[in-house]
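Protein sequence lines, in the order shown, are assigned to chains A and B.
Counting from 1 along the first sequence, just add 293 to a position and that's the residue number in the numbering used here.
Numbering-wise, the numbering used here puts 340 at position 354 of the second sequence, and it's gapless, one number per residue.
Ideal Cβ positions, reconstructed from N, Cα and C, are used throughout, including at glycine.
Remember, predicted model here, so these are calculated numbers, not experimental data.
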Amino acid sequence: MTQPGTIEAERSRDIRKRWLLSLPALLIVLLAATGPLLIVLLYSFLTPGPYGDVLWKASPDGWIGVFLEKDIFTETLSLADAHVSIFVRSVLLSLATTVVTLLFGFPTAYFIATRPERTRELWLLLITIPFWTNLLIRTFAVLQIIRNEGLINTLLMKFGLIERPIQMLFTDGAILTGMVYVYLPLMVLPVYANLEKLDFRLVEAAYDLYATPFRVLTKIIIPLAKPGLIAGSILVFIPALGAYVTPSILGGGKNLMLGNLIELQFGQGRNWPLGSALSITLMLIVTVALLVYVRNVGSQEKRHG
Amino acid sequence: MAESNAVEIRDVVKVFGFGEFAFSAVDHASIAIRKNEFFTLLGPSGCGKTTLLRLIAGFEYPTSGEIILNGEDIGTMPPFKRPINTVFQSYALFPHMTVAENIGFGLTMLGRPKQEVRDRVAAMLKLVRMEKLADRRTSQISGGQQQRVALARALAPKPKVLLLDEPLSALDYKLRKDMQIELKRLQAETGITFIFVTHDQEEALTMSDRIAVMSAGKILQVDSPRAIYDAPADRFVADFIGETNFLRGRIGSVSDGIAQVDTPMAGRVSATLPRDFVAEGDVTVVLRPEHAALCAADEPSGCQTTGTLENIVYFGTDTHYHVRLGDGETQFMLREQNKPLQRQRLSVGDRVGIRFEPNAARVLRN
């Protein structure tokens, strides 16, 4: 048999090999994920350059600017109402998007999960078709439908239901519609993945034990689909909070969201430190929201058990 | 008369699929199941017994026919309105609830007060001897315990009828034996009508008050276990329940309900005739293995027939002998109880005689 020494050597070779194999993953984590984040964090503490970029001089102004603004003449600080309202609008719109995609996505996922196995793939394909088209084009398609001379208004006027076009474009409703449309598949897919594994004999058992269809839904199906519902909500809420294309096209630059505000600082505003600080604030909001959400749902789970 | 029936199935048909793919899972079935009865639907897999059970539970609706409960046709009533509960083959316990929550689910759905639910759950836990595991998750208990929780959950709302869909098939032999006794005890204690589905004929014989034997969607015979075993209605029932020897023959003479049947392989056999049987022509005679015994081949006076011993199978309580009869085609099986310290006196290839117990053979419809 082999000697203890060679086993030892083999083991260390084995460990080295394992490190080598995981190198690509480590590189991606370090360079692509952590690296840029550190740069953004660093920039948020520097001074803005006159034509964008940053000057290598430490300054807290970027962070101060997130919620406060300096009066040009008196140099006194006051609450930046514009920023606050953008933060609030972003969070509310993202929450609304999550709720609406839940309301539409859950029945859709349930429908697909209860189809015969052979036709399920076709339905899934239909759900993913919008992914094949560029986000910009999809958003312009929504714009074509809801603008004053668009499909809905033209039809309504043709049938004499309205005299003047309804202003739908450049409203929060337009942003919400666009975001729901864009993020719906992100809700449907994880919920479907969960429902597909659901043991429908449990549904029968609940029916058998005097649960009405509504009770079966609330007491059996939704609790068991919870992991999928959580995953879907996270997948929708996070990108919605930082959404840029949809609000800038459908909101018309008037109803800004966080993504637009950040873009503004890096572009016309020429205030990279403020943009960086805003980006990190956005990340913190997401982190806190996730922690609260997961903890709440988790404790509910425990109470059940 | 109708009052004594718990469930009555009247000419029920269930067709799955359409057109040329249509297939009758249940084919004009009629049974009256009495109150407080342990009733078993027995048949091979695919015979329609589970479909019939699902029709009674309400998971399927009959294509035609009626299902009568308390004098009312419940054929198209949804399952949550029927006072019938089911123990599923897979148990189907809710994984996001504790044992106690599972058991209390039905009563909670019925809107019973919390205190009543708690008391009833405690009583059910006691009934199935699971008091200590009330707060466990269903994934943290063994298969036998899950089985008992499924039973308690189905019994808790005090259903008029309890349906059991092969509930013991997932358990190992010893546990299955224990649960058979447990089920009988629960049925006696609760006084609820049990409708039990199984493909295990031994289970059906030991547990049931009455058995319905099914094949290809049809009900072939409804009778007590003893009657089914001793007087099978046709060849399928005789073959499916227990082990049987089939002997082809022609009726020679009949007197007093006993027919003399001439068989090419075993000579003239005297066999009991079914009551309403018109005895003539070709028939099949059936004889259970335990109703025959070995005798010395060189003593032809006491033996019905002779043959060559082909196989000896030892079963602990008894030994099975497979004998190739004189015609070279028929294999005859007989069973002898083992006695203590008995030595094996025969070996494969020996010529042996076979003795039939008087009047144990029966004539069957062909």
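Residues from the segment 501 to 518 of chain A in contact with chain B, defined by Cβ distance under 9 angstroms: D501, L502, Y503, A504, T505, P506, R508, V509, K512, I513, P516 and L517
Partners in chain A for T376 of chain B, counting only beta-carbon separations shorter than 7 angstroms: Residue coverage of chain B in this structure runs from -13 to 352, which leaves residue 376 of chain B outside it and unanswerable.
Sub-7 angstroms separation of V1 of chain B and T36 of chain B beta-carbons: no
Length of the line joining the Cα atoms of L332 of chain B and I340 of chain B: 14 angstroms
Closest by C-alpha distance to R196 of chain B, when choosing among B:E23, B:M83 and B:E315: B:E23
Rounded C-alpha distance that separates R413 of chain A from G342 of chain A: 55 angstroms
Sequence-distant residues of its chain with Cβ nearer than 8 angstroms to V590 of chain A (five each side left out): K519 and I523
Own chain residues within Cβ distance below 7 angstroms of G129 of chain B, not counting five before or after: A156 and L157
Chain A residues whose Cβ lies nearer than 9 angstroms to that of F80 of chain B: L495, A498, A499, K512, I513, P516 and L517
Spatial distance of L313 of chain A from P423 of chain A (CA atoms): 39 angstroms
Closer than 9 angstroms at the beta carbon, the chain A residues around L148 of chain B: Within chain A, no residue comes near L148 of chain B; the closest Cβ sits about 11 angstroms away, beyond 9 angstroms.
Contact with chain A by F2 of chain B, beta-carbon distance below 7 angstroms: no
Residue-chain proximity (G51 of chain B, chain A), Cβ-Cβ < 7 angstroms: no
Any 3 or more C-beta pairs closer than 8 angstroms across the segment 475 to 493 of chain A and the segment 548 to 568 of chain A: no
Short Cβ contact (7 angstroms threshold) for V359 of chain A with L571 of chain A: yes
C-beta atoms of L339 of chain A and P566 of chain A nearer than 7 angstroms: yes
Rounded C-alpha distance that separates Q132 of chain B from L517 of chain A: 19 angstroms
Nearest neighbour of Q290 of chain B, chosen from B:I298, B:G314 and B:S256 [CA to CA]: B:S256
Touching by the beta-carbon criterion (3+ pairs, under 8 angstroms), the segment 543 to 555 of chain A and the segment 484 to 497 of chain A: no
Partners in chain A for A120 of chain B, counting only beta-carbon separations shorter than 8 angstroms: Chain A residues near A120 of chain B: none, gap ~13 angstroms exceeds 8 angstroms.
Residue environment, V585 of chain A, which counts as buried when at least 16 other CB atoms sit within 10 Å: exposed
7 angstroms Cβ cutoff met for G243 of chain B and L233 of chain B: no
Whole alpha helix (DSSP H) elements within the segment 23 to 57 of chain B, 4-residue minimum: 35 to 43
Where the beta strand (DSSP E) through T390 of chain A begins and ends: Looking at the DSSP string, T390 of chain A is not in any beta strand (DSSP E); the run it does join, the alpha helix (DSSP H), is D374 to A406.
N(-9) of chain B beta carbon near the ligand MG (any heavy atom closer than 6 angstroms): Looking for the ligand MG in the displayed structure turns up nothing, as the structure carries no ligands at all.
Collapsed DSSP secondary structure at Y500 of chain A in the structure displayed: helix
Closer than 7 angstroms to chain B by CB, K595 of chain A: For K595 of chain A, the predicted model reports a pLDDT of 48, less than 50, meaning its position is unreliable; a value from the coordinates is still stated below. So no, K595 of chain A is outside the interface.
Rounded Cβ spacing between I527 of chain A and L583 of chain A (contact assumed at less than 8 angstroms): 7 angstroms
C-beta contact flag for G268 of chain B and R236 of chain B at 7 angstroms: Checking the sequence shown, residue 268 of chain B turns out to be Asp, not Gly. Cβ distance < 7 angstroms, so D268 of chain B and R236 of chain B count as in contact.
Buried versus exposed, by CB contacts within 10 Å (16 or more), D105 of chain B: exposed
Closer than 7 angstroms to chain A by CB, M193 of chain B: no
Beta bridge counterpart(s) of A245 of chain B as assigned by DSSP: B:V240 and B:A257
DSSP three-state assignment for K67 of chain B, whether helix, strand or coil: helix
Identified DSSP bridge partners for F180 of chain B: B:F24 and B:L148
Delimiting residues of the alpha helix (DSSP H) encompassing P81 of chain B: Counting along the chain, P81 of chain B falls outside any alpha helix (DSSP H), and DSSP gives it neither H nor E.
Cα-Cα separation, L418 of chain A to F7 of chain B: 29 angstroms
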